[in-house]
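Colleague: Handing you this structure, nothing more for now.
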């Protein structure tokens, strides 16, 4: 500052042809954005007055990481900034999950020199949407013999710092192979892009179950200027792998990224202890035993076998009726079944009493009974004992004292004057 004053130089452009008030330059200080030259900025001078604090920050050991470029600029009136993203921030954010492994978006692609297509190689590309431009390493540019382009200076801001980092770059044209064909990129070359990044080789694994991450240094950084154009394609989709990673199908190949999900294996140990009590077992067995309830199965016969045997013996085909005749499978001995004599007789008395109230109904019933006798629908039954009853309520056939108890007349369904038929309810002794 003292030298500028002694030589009477312009504070803005450091020329001695005019005064500061007459300077036409529109450049501003890069530190404080005021109207003076950057080299005579007071804020920059105050930074150099405290070398101990600066040394502590800049010389602190840094872990291996990666650099994400946000914006770059040529040192001209239009200023662009470049941000740096290191792996240290990822480690701090995942301090509570240190065991998890995070993969960045990296894949191998084929690059070549557009002017010399035979100059091609396969390199690791790092896709970073946080960078506004795309970059390559100077080593890759020399390997492909890319023609030297225009030199530009950029200001790059890193995380945790207020002062930009001044870097010199060169412009190049790079060709890459995609699923849609050849794509030409305008990139800038730097000595170093990022440090080692954990990557996996997808093509070497048929099942994507056991992926081993290895640290590698990419030579190509694809920024936002080509990020989505190279990522999206017709068959673009994302798969979630069982190990937690995401498999991205893009136009430049398969990309594995995301956080690894640890599968903890748990071994369970079960101990069993069994104790037997003979007395208790006997009590339980006796409780569930049918013999304790008096139910004993015949070990020499089976109901199913006996029923099948009776079925085979009694089933026959009636040629006259053209049908099979099957006997009901009665169980046990054939005992004499009780008859319904008393029930039939009581119903007969009730029906005769009811029919007396309507003249002519008894004659209709008599004719119906005679018709069913003639058609063998019902039959007469002779009893050894004659039931003593009122003379007027008994029904006789001829002069024989045979009571027709086989017919049970039901009056409940007769009172239909418009009906052509006379329904009755009949039952006979079995």
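In UniProt numbering, the protein residues as written are 1 to 430. In this text, a Cβ means the ideal position worked out from N, Cα and C, and glycines have one as well. Quantities reported herein were computed from a predicted structural model and do not represent experimental measurements.
Just confirm the distance between the C-beta atoms of residue 193 and residue 230, as a whole number of angstroms; I'd bet it's less than 8 Å.
Modeller: In fact, because the Cβ distance is near 17 Å, the residues do not count as touching under 8 Å.
Colleague: In whole angstroms, what separates the C-alpha of residue 124 from that of residue 255?
Modeller: C-alpha separation (whole angstroms): 11 Å.
Colleague: Return the bridge partner residues of residue 106 from the DSSP annotation.
Modeller: The partner list for residue 106 (beta bridge, DSSP) reads 126.
Colleague: Using the Cα positions of residue 351 and residue 365, report the straight-line distance between them to the nearest angstrom.
Modeller: Roughly 11 Å between the two C-alpha positions.
Colleague: If we ignore side chains and look at the alpha-carbon of each, how far apart do residue 148 and residue 188 end up?
Modeller: If you take the alpha carbons of residue 148 and residue 188, they lie about 11 Å apart.
Colleague: Is the beta carbon of residue 170 sitting closer than 8 Å to the one on residue 114?
Modeller: Contact flag unset, no.
Colleague: Is residue 232 helix, strand or coil when you go by DSSP?
Modeller: Note: residue 232 maps to coil in three-state DSSP.
Colleague: Comparing alpha-carbon positions, which option in 144, 186 and 374 lies nearest residue 150?
Modeller: Nearest of 144, 186 and 374 to residue 150, Cα basis: 186.
Colleague: Would DSSP call residue 304 helix, strand or coil?
Modeller: In the structure shown, residue 304 sits in a helix (DSSP, three-state: H, G or I).
Colleague: Specify, as a first and last residue, the run of the alpha helix (DSSP H) that residue 271 falls within.
Modeller: Residue 271 -> no alpha helix (DSSP H), and no H or E assigned at all.
Colleague: Look at the alpha carbon of residue 12 and the alpha carbon of residue 41, and state the distance between them as a whole number of angstroms.
Modeller: For residue 12 and residue 41, the distance between alpha carbons rounds to 11 Å.
Colleague: Tell me whether residue 36 is buried or exposed, calling it buried when 16 or more other Cβ atoms sit within 10 Å of its Cβ.
Modeller: So residue 36 counts as buried.
Colleague: Looking at the unbroken alpha helix (DSSP H) that takes in residue 138, where does it start and where does it end?
Modeller: Here the alpha helix (DSSP H) through residue 138 covers 138-143.
Colleague: Can you give me the C-alpha to C-alpha distance between residue 87 and residue 10, rounded to a whole angstrom?
Modeller: Low confidence applies here, because residue 87 scores a pLDDT of 43, under 50, leaving its location unreliable; read the following figure in that light. Rounded to the nearest angstrom, the two C-alpha atoms are 44 Å apart.
Colleague: Leaving aside the five residues before and after residue 317 along the sequence, list all residues of the same chain whose C-beta is less than 8 Å from its C-beta, in chain order.
Modeller: Same-chain partners within the cutoff: 323, 324 and 325.
Colleague: Short check: CB of residue 140 to CB of residue 198, under 8 Å?
Modeller: Not in contact: residue 140 and residue 198 (Cβ atoms no closer than 8 Å).
Colleague: Examine the Cβ distances between the segment 177-184 and the segment 236-255 and report whether three or more of them are shorter than 8 Å.
Modeller: Verdict: yes, contact present.
Colleague: Taking the beta strand (DSSP E) that residue 186 belongs to, which residues open and close that run?
Modeller: Element bounds for residue 186: 181-190.
Colleague: Helix, strand or coil: how does DSSP classify residue 249 here?
Modeller: In the structure shown, residue 249 sits in a strand (DSSP, three-state: E or B).
Colleague: Please list the terminal residues of the continuous alpha helix (DSSP H) segment that includes residue 362.
Modeller: It spans 361-374 - the alpha helix (DSSP H) in which residue 362 sits, taken as one unbroken run.
Colleague: Compare the Cα-Cα distances from residue 162 to each of 224, 32 and 144 and report the closest residue.
Modeller: Among 224, 32 and 144, the Cα nearest to that of residue 162 belongs to 32.
Colleague: What is the DSSP secondary structure of residue 152, counted as helix, strand or coil?
Modeller: The answer is strand: DSSP assigns residue 152 an E or B state.
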